[in-house]
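The opening residue of the sequence shown carries number 1 in full-length UniProt numbering; numbering runs sequentially from there.
From the three backbone atoms N, C-alpha and C, an ideal C-beta is built for every residue, glycine too.
Small disclaimer: the values here were computed from a predicted structure and weren't measured.
Input: a single structure, listed below in structure tokens.
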Amino acid sequence: MQSFESDTTPTQQEKANPGLKLALELGPLLVFFFANLRGEWLVEKLPVLSALGGPLLVATGLFMAATVLSLIVSKVVFKHLPVMPFVSGVVVLIFGGLSIWLQDETFIKMKPTIVNTLFGVTLLVGLLFGKSLLGYVFNAAFQLTDEGWKKLTLRWGIFFLFLAILNEVVWRNFSDAVWINFKVWGTMPITILFTLAQMPLIMKHTIESKPGDGY
């Protein structure tokens with residue numbers, strides 16, 4: 001079985017454990033939020049954490065550990081690694097490690113910018129070469145016309161760049177507390193609303209399956 005699969009192609013294990021799948025995706029973010037909120041308490045209980053630095057860097061270290069644990073459990077239980085969480089996890093480890101090593105919080109704050117820019121640029125560059133790359137990720141969830149895939153890929157590419165810019169605006173102009181709350185409680189609702197807003201486009205360009213097609 002392939003190690004990497006579409007985020008929208010649920011395995012039998014994922015269908016049987018939707019709550020665990022959600023916990024693995026949101027868990028590291030909640031660990032990050034709690035660890036930053038109770039950083040001083042955590043250092044008091046576990047003095048070894050003080051070696052990581054201030055509260056945000058302690059939260060970063062625990063975020064990295066939770067991310068690795070989440071990916072390991074996903075691989076063991078669900079038999080595959082979802083592409084987007086895996087890419088995000090790699091960036092977390094790189095930029096989180098740099099933040100702790102250099103004692104500079106800037107790197108972990110830029111992580112969402114880097115990830116979203118990477119996804120956005122990849123989708124848009126793919127379109128320039130005539131490839132609707134989003135279709136390779138979502139084709140197991142629904143079938144669209146070529147025009148539909150192109151429009152959806154364009155919209156998601158622009159949306160990822162929007163998230164990258166929004167992250168830069170928030171972390172550069174507001175406090176750490178505001179940025180963390182935005183990262184944990186703001187990005188997800190914005191993404192859900194954007195996804196729901198694409199349903200008319202998806203419905204308009206959906207290819208109707210015929211009896212006997214195996215769907």
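Quick one: using the 10 Å Cβ neighbour count with 16 as the cut-off for buried, is residue i buried or exposed?
i: proline 200; result: exposed
i: lysine 204; result: exposed
i: asparagine 36; result: buried
i: alanine 23; result: exposed
i: threonine 153; result: buried
i: leucine 144; result: buried
i: valine 91; result: buried
i: alanine 177; result: exposed
i: valine 76; result: exposed
For residue i, which of helix, strand or coil comes out of DSSP?
i: leucine 81; result: strand
i: leucine 133; result: coil
i: leucine 124; result: helix
i: leucine 46; result: coil
i: glutamate 105; result: coil
i: glycine 96; result: helix
i: glycine 53; result: coil
Where does the unbroken alpha helix (DSSP H) through residue i begin, and where does it stop?
i: isoleucine 207; result: Where isoleucine 207 is concerned, there is no enclosing alpha helix (DSSP H), given that its DSSP letter is neither H nor E.
i: tryptophan 179; result: 176-181
i: proline 189; result: 187-197
i: aspartate 146; result: 146-173
So, does the CB of residue i fall closer than 8 Å to a CB anywhere in chain B?
i: aspartate 146; result: Within the model displayed, chain B is absent; a lone protein chain is all it includes.
- prompt: When the Cβ atoms of the stretch 157-172 are set against those of the stretch 180-198, are three or more pairs found closer than 8 Å?
  reply: Under the Cβ criterion (8 Å, minimum of three pairs), the stretch 157-172 counts as touching the stretch 180-198.
query: Would you call the stretch 52-69 and the stretch 90-98 in contact, with 3 or more CB pairs under 8 Å?
result: Judged by Cβ distances under 8 Å, the stretch 52-69 makes contact with the stretch 90-98, as three or more pairs qualify.
message: Across the stretch 149-165 and the stretch 102-117, are there enough close Cβ pairs to call them in contact, namely three or more that are closer than 8 Å?
response: The stretch 149-165 is in contact with the stretch 102-117.
message: Contact between the stretch 73-90 and the stretch 39-48 is defined here as three or more beta-carbon pairs at a separation below 8 Å; is this criterion met?
response: Flag = no, the stretch 73-90 and the stretch 39-48 do not touch.
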